[in-house]
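Residue numbers (full-length UniProt numbering): 1 to 428.
For each residue, glycine too, the CB sits at the ideal point set by N, CA and C.
Scroll down for the structure; my scribbles are underneath it.
Below is the structure:
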């Protein structure tokens, strides 16, 4: 990694520590110190991860045109009881994303290892064990290359169709430049493309290339789950490339978790979640929550730690499938991004007179156009921009392949315009 190669990539690979909950997805390595700005796409809320969709790439915010960009910070979250019969007081939790792939050589500055954490006291939970063949059916493991970060992340997915439509958490693939998926039932691996994402609800749909005859997951969309019901969370625990099963029980329904960056950046909220008492760890994100009949009732999404017992959160499968249907319809909405976002390739910072270029990623349209750190972008297609956030807002609805005209003032005070054609960026 070099200072010019940071990335506004995703979220999630921070380790679960014994001191408390931590964001499980790998954030981008930090860049040189420059002012932070959480740039947001106009059509959707920029998430501080659901449970922290913040990709910390240090001080500058990388501008992924057409998607959200991220500010630095490790996100924490609080969970509050909803209308469930067994609500509890607020609890600190963090997003349960993908796990850093062991041995890849990237050490997150925001976590201390990749262990599950022990906490204090005596655990009453059943330890996770290797998943059975029945629990493995219709489940895949996912490895995402975060090309601009020089890192990888790992998670889990659910097979929806025999030709390879996969459901997972958005934070599992967010920021990816390539994705590899393995059918754990057959051992067959496939490359995957992003069909669409919903950052607000932490859902992503992938399509495997050249897949056929896959075993699909059995889904229970009845919504009949109740507190006290036995459940099992299946996932790619710690990103080791195999599936484990953690037995537990439903603690409550209709739960809400709100994220909060350790740097004070306002958080995101996920509601309608299933709260479960089960030993869920990093890498389980996107995996199935199975009921007593072995059918999928939810998607493992977030968890807390720091005590002997772990509290997990899952998105109800019926809610996830509603979003899948919208993605399949193929239209961008306020929360849904179809395909890949447009990408400019700069880190931005406010200057008081426009959007300052804090860094430029090599090989991107910004680099090709000759933008350098210290430049200030003051207008896009004739529309003035006064801040980094305004620049993101103006560019937010643009797609890969679109050409934009940027008004730029250099550090020496020279002003001019430059045409830039956006490319497809990493998964948003």
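Legend entry - Distance, residue 250 Cα to residue 142 Cα: 26 Å
Inset, instruction - Might you give, ordered along the chain, the residues of its own chain that have their beta carbon closer than 7 Å to the beta carbon of residue 67, omitting 5 neighbours on each side? - result: Low local confidence applies: a pLDDT of 25 at residue 67 is under 50, so the model's placement there is unreliable, with the coordinate-based value given in what follows. Excluding residues within five positions, the ones whose Cβ falls inside 7 Å are 41, 337, 341, 425, 428.
Inset, instruction - Put residue 310 into one of helix, strand or coil per three-state DSSP. - result: coil
Inset, instruction - Could you check how far apart the C-beta atoms of residue 209 and residue 192 are, in whole angstroms? I think they sit under 8 Å. - result: 7 Å
Legend entry - Cα-Cα separation, residue 232 to residue 136: 12 Å
Inset, instruction - Buried or exposed for residue 184, please, with buried defined as at least 16 other CB atoms from any protein chain shown within 10 angstroms of its CB. - result: buried
Legend entry - 8 Å Cβ cutoff met for residue 286 and residue 172: yes
Legend entry - Reduced DSSP secondary structure (H/G/I, E/B, other) of residue 149: coil
Legend entry - Continuous beta strand (DSSP E) stretch holding residue 238: start and end: Residue 238 -> no beta strand (DSSP E), and no H or E assigned at all.
Inset, instruction - Indicate whether residue 395 and residue 297 have their beta-carbon atoms separated by less than 8 Å. - result: no
Legend entry - Nearest-angstrom Cα separation, counted from residue 422 out to residue 400: Taking the straight line from one Cα to the other gives about 5 Å.
Inset, instruction - Look up residue 220 in the DSSP assignment and say whether it is helix, strand or coil. - result: DSSP places residue 220 in coil when its eight states are reduced to three.
Legend entry - Which listed residue (279, 167, 293) has its alpha carbon closest to that of residue 309: 279
Inset, instruction - Compute the distance between the beta-carbons of residue 215 and residue 138, then report whether it is under 8 Å. - result: yes
Legend entry - Classification of residue 412 by the beta-carbon crowding that lies within 10 angstroms, buried from 16 upward: Around the beta carbon of residue 412, fewer than 16 other beta carbons sit within 10 angstroms, so the residue counts as exposed.
Legend entry - Short Cβ contact (8 Å threshold) for residue 128 with residue 245: yes
Inset, instruction - Would you kindly check if the distance between the Cβ of residue 212 and the Cβ of residue 162 is under 8 Å? - result: Cβ atoms of residue 162 and residue 212: closer than 8 Å.
Inset, instruction - Might you give, ordered along the chain, the residues of its own chain that have their beta carbon closer than 8 Å to the beta carbon of residue 130, omitting 5 neighbours on each side? - result: 242, 243, 244, 245
Inset, instruction - Going by DSSP, name the residue or residues bridged to residue 451. - result: Since the first residue of the chain shown is 1 and the last is 428, residue 451 is not available in this structure.
Inset, instruction - Using a threshold of 8 Å, state whether the C-beta atoms of residue 343 and residue 368 are closer than that. - result: no
Legend entry - C-beta contact flag for residue 388 and residue 366 at 8 Å: no
Inset, instruction - Using beta-carbon positions only, say whether residue 155 and residue 236 come within less than 8 Å of one another. - result: For residue 155 and residue 236, yes; Cβs fall inside 8 Å.
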